[in-house]
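A.B. asks: 507 is the number that this note's numbering gives to position 507 of the sequence shown; each next residue is one higher, with no gaps. Here it is: the structure, laid out below.
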Amino acid sequence: MSRETDASLLRAEAVLRLYHLYRIVIGLALVVLISSDLDQQWLRTVDGQLFRQSSWAYLAINVVLALSQRYWRSHAFALALLDILALGGLFFLAGGIASGMGSLLVVTVGVSNVLIRGRRGLLIAALAAIALLLATGYLDLRRGDGGSGYVQAAGLGTLCFATALLVQGLVRRLLDSQALAETRATAVAELEALNALILERMRTGILVFDTEYRVLLANPAARRLLGVDDDTAITPLTSGLAQRLEEWERNPSIRPATLRAYANGPSLQPTFARLQQGEGERILTFLEDVSRIAQQAQQLKLASLGRLTAGIAHEIRNPLGAISHAAQLLQESEELTTPDRRLAQIIQDQSRRMNRVVENVLQLSRRRQSAPQLIDLRYWAHRFAGELRPTLPAGQTLHVKTEPGTLQTHMDPHQLGQILTNLVQNGLRYSVTGQVWLSVYRDPESDLPILDVVDDGPGVAAEQLDHLFEPFFTTENKGTGLGLYISRELCESNQARLGYHPLASGSCFRITFAHPRTMS
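Following this line, the structure appears as structure tokens:
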């Protein structure tokens with residue numbers, strides 16, 4: 001059953017309930033009238049005793065009909081017909097037109113045409129008019145009044161038809177208005193649901209708060225970007241939004257400065273707009289993840305750079321190989337002095353570095369698609385360490401710590417080996433004692449597999465954290481600045497996540513793998 005049909009039934013039931021109440025009140029009024037003997041003073045009853053009995057019967061019938069309202073909801077025509085017959089009888093027994101009870105028939109016609117429309121409603125009006133005319137004609141013949149009541153009865157009959165037509169017209173217009181209102185309400189509800197879905201799926205954070213910085217609305221993206229679980233935890237004053245808002249109010253033409261809601265969180269660019277709603281003012285805030293935009297720009301830049309490098313690779317590597325070979329031959333000369341030998345070594349070292357840069361960029365441009373496999377991380381970590389340890393220089397050690405049992409995930413083994421090789425070499429390069437620890441475990445909160453690469457080095461400076469995974473960013477002269485960037489890209493292509501977590505003494509690069517059930 002449609003919503004409009006349900007609403008129509010509820011309205012009809014409300015009208016029917018009021019109609020029953022009205023008829024009970026009329027019945028009570030008649031009972032009071034006959035109980036106080038006022039009927040003998042005001043009415044010219046045909047049969048006083050029969051009128052009293054009929055009044056009590058009318059009240060009793062109305063009470064019974066009211067109690068059985070649910071049944072009569074679908075038999076409104078029969079109820080109206082019964083009421084016309086009952087009131088027509090009372091109209092006759094009360095003495096006809098002079099009793100004034102003819103107006104009750106007009107009211108019955110009006111109410112019945114609310115519930116019954118069209119020809120059946122007009123039929124009720126015709127029956128009421130016929131009842132008025134018949135009762136009046138019989139009474140005039142019986143009393144010998146010479147038909148003096150016919151004009152009034154005809155007037156009441158005409159009023160019944162006019163009431164029926166008027167009520168039907170009003171009800172029709174009311175139903176059309178209600179149908180239009182319900183259609184518009186449905187459209188508004190659908191639009192609100194669509195807006196809510198759009199807000200929920202948007203990657204842009206949206207906040208609405210009042211002038212006292214009370215949050216009125218926050219979509220899931222805003223909660224995620226601000227690192228909170230619910231709206232009550234969002235505090236514009238402490239998250240830096242209030243300061244940016246004050247800057248924007250002083251000069252709306254200036255773009256507010258970016259902010260970071262929490263440590264290691266994304267860099268956010270806020271924009272503001274004012275909303276006037278009634279007497280109150282609302283502030284609409286948009287939060288854009290600038291780091292995501294910067295990452296996309298870097299990917300486009302590196303893709304273009306990779307295509308360019310692939311085209312000129314041979315043009316660079318051939319002379320680079322010649323330079324490196326010449327420097328090697330020059331070092332083998334016995335007549336070369338120590339300073340010149342040092343210069344030749346510098347040439348060879350820088351040639352190797354340039355070759356690594358070319359190799360890394362070429363690797364980015366022609367990186368193959370990942371082929372994830374179901375692997376046991378505990379077994380795989382021990383095997384990786386066993387293969388890498390013989391290649392490490394003296395004084396460098398790789399430790400592995402795993403929990404008992406199996407810990408599975410989907411990952412491309414070749415790309416995972418490339419990622420860990422980069423991370424382990426980074427850790428050994430900065431380690432104070434020449435040691436790196438691999439730790440494999442399951443996160444107790446998310447139940448996801450975790451692999452930590454930990455070293456005891458000095459860690460990463462706070463001002464360098466934002467650029468840690470950017471391409472070509474390096475803190476040493478011999479580095480290419482592509483190792484961590486490539487490692488993160490390879491993790492994301494396998495639905496894993498690589499992040500940096502500072503320690504009290506050292507650094508931790510954490511790989512969070514996807515659960516094996518969540519991957520196709």
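Ideal placement from N, C-alpha and C gives every residue a C-beta, glycine not left out.
(1) For chain C, find out if any of its Cβ atoms is closer than 8 Å to the Cβ of Arg255; answer yes or no.
(2) What residues are listed by DSSP as bridge partners for Cys508?
(3) Cα separation between Leu133 and Ala154?
(4) Using C-beta distances below 8 Å, list every residue in its chain close to Ile206, excluding the 5 sequence neighbours before and after it, in chain order.
(5) Do Asp447 and His515 have their beta-carbon atoms positioned less than 8 Å apart in this structure?
(6) Flag this pair as touching only if the segment 121-131 and the segment 157-168 have three or more C-beta atom pairs under 8 Å; answer yes or no.
(7) Mapping the DSSP letters down to three states, classify Gly417 as helix, strand or coil.
(8) Among all the DSSP beta bridges, which residues are the ones paired with Glu281?
(9) Could you give the first and the last residue of the continuous alpha helix (DSSP H) run that contains Ala181?
(10) Asp289 to Arg244, Cα distance in whole Å?
(11) Spatial neighbours of Arg274 within its chain, please: CB distance less than 7 Å, with the 5 preceding and 5 following residues excluded, ordered by chain position.
(12) Under the three-state reduction of DSSP, which class applies to Pro516: helix, strand or coil?
(13) Hey, quick one: how far does the beta strand (DSSP E) through Val400 stretch, first residue to last?
(14) What does DSSP give as the partner residues of Glu288 in its beta bridges?
(15) Here's the rule: buried if 16 or more other CB atoms are within 10 angstroms of the residue's CB, otherwise exposed. What is Ser333?
(16) Under 7 Å Cβ to Cβ from Leu97, same chain only, skipping five residues before and after it: list those, please.
(17) Please determine if the segment 381-394 and the segment 494-510 are in contact, where contact requires at least 3 C-beta pairs separated by less than 8 Å.
(18) Please go through the same chain and pick out, in chain order, the residues whose beta-carbon is closer than 6 Å to the beta-carbon of Gly395, but skip the five residues on each side of it.
(19) Indicate whether Ala57 and Gly88 have their beta-carbon atoms separated by less than 8 Å.
(20) What distance in whole Å lies between the Cβ atoms of Gly102 and Asn62, which are believed to be in contact at a cut-off of 8 Å?
(21) Can you tell which of Gln425, Ala181, Ser253 and Val109 has the C-alpha that lies nearest to the C-alpha of Arg389?
(22) Which one or two residues does DSSP pair with His410 in a beta bridge?
(23) Report the start-end ranges of each alpha helix (DSSP H) in the segment 209-234 that is 4 residues or longer and not cut off at the edges.
(24) Between which two residues does the alpha helix (DSSP H) holding Arg522 run?
(25) Using 10 angstroms around the beta-carbon of Val106, count the other beta-carbons present and answer buried if the total reaches 16, otherwise exposed.
C.D. replies: Here's the rundown:
(1) You won't find chain C in this structure, because it holds only one protein chain.
(2) By one-based count along the sequence shown, residue 508 stands at place 508. Per DSSP, Val454 and His501.
(3) Here residue 133 corresponds to residue number 133 of the sequence shown, with the count starting at 1. Here residue 154 corresponds to residue number 154 of the sequence shown, with the count starting at 1. Using only the alpha carbons, I get a separation of about 7 Å.
(4) Along the sequence shown, read from residue 1 onward, the residue named residue 206 stands at position 206. Counting only Cβ-Cβ distances below 8 Å, and skipping sequence neighbours, we find Leu199, Leu217, Ala218, Asn219, Ala221, Ala222, Leu284, Thr285, Phe286 and Leu287.
(5) Position 515 of the sequence shown, counted from the start, is the residue given in the question as residue 515. Position 447 of the sequence shown, counted from the start, is the residue given in the question as residue 447. Yes.
(6) yes
(7) Within the sequence shown, residue 417 is the residue found at index 417, counting from 1. Correct three-state label for Gly417: helix.
(8) Against the sequence shown, residue 281 aligns to sequence position 281. In DSSP, Glu281 forms a bridge with Gln276.
(9) For the purposes of this step, residue 181 is taken as residue 181 along the sequence shown, with counting starting at 1. That run of the alpha helix (DSSP H) goes Tyr150 to Arg201.
(10) As a working note, residue 289 is residue 289 in the sequence shown. As a working note, residue 244 is residue 244 in the sequence shown. So the two alpha carbons sit approximately 16 Å from each other.
(11) For the purposes of this step, residue 274 is taken as residue 274 along the sequence shown, with counting starting at 1. If we look at Arg274 and ignore the five residues flanking it on each side, its Cβ neighbours are Glu281 and Ile283.
(12) Taking the first residue of the sequence shown as position 1, residue 516 is located at position 516. Helix at Pro516.
(13) Within the sequence shown, numbered from 1, the residue matching residue 400 stands at position 400. Counting along the chain, the beta strand (DSSP E) containing Val400 begins and ends at Thr397 to Thr402.
(14) Taking the sequence shown and counting its residues from 1, one reaches residue 288 at position 288. Per DSSP, Gln269.
(15) For the purposes of this step, residue 333 is identified with residue 333 of the sequence shown, where counting begins at 1. With fewer than 16 Cβ atoms within 10 Å of its Cβ, Ser333 is classed as exposed.
(16) Taking the first residue of the sequence shown as position 1, residue 97 is located at position 97. Here the sequence assigns Ile to residue 97, which means Leu is not the residue at that position. Hits under 7 Å: Thr136, Gly149, Gln152 and Ala153.
(17) no
(18) Indexing the sequence shown from 1 puts residue 395 at position 395. Gly434.
(19) Here residue 57 is taken as the residue at index 57 of the sequence shown, counted from 1. Here residue 88 is taken as the residue at index 88 of the sequence shown, counted from 1. No. Outside cutoff.
(20) The count along the sequence shown starts at 1 and reaches residue 62 at position 62. The count along the sequence shown starts at 1 and reaches residue 102 at position 102. So it is not a contact: roughly 19 Å between Cβ atoms.
(21) Taking the first residue of the sequence shown as position 1, residue 389 is located at position 389. The option with the nearest alpha carbon to Arg389 is Gln425.
(22) Taking the first residue of the sequence shown as 1, we reach residue 410 at position 410. Leu374.
(23) 220-226
(24) No statement about residue 522 is possible, as the shown extent of the chain runs from 1 to 520 and does not include it.
(25) The sequence position of residue 106 within the sequence shown is 106, counting from 1. The residue is buried, with at least 16 neighbouring Cβ atoms inside 10 Å.
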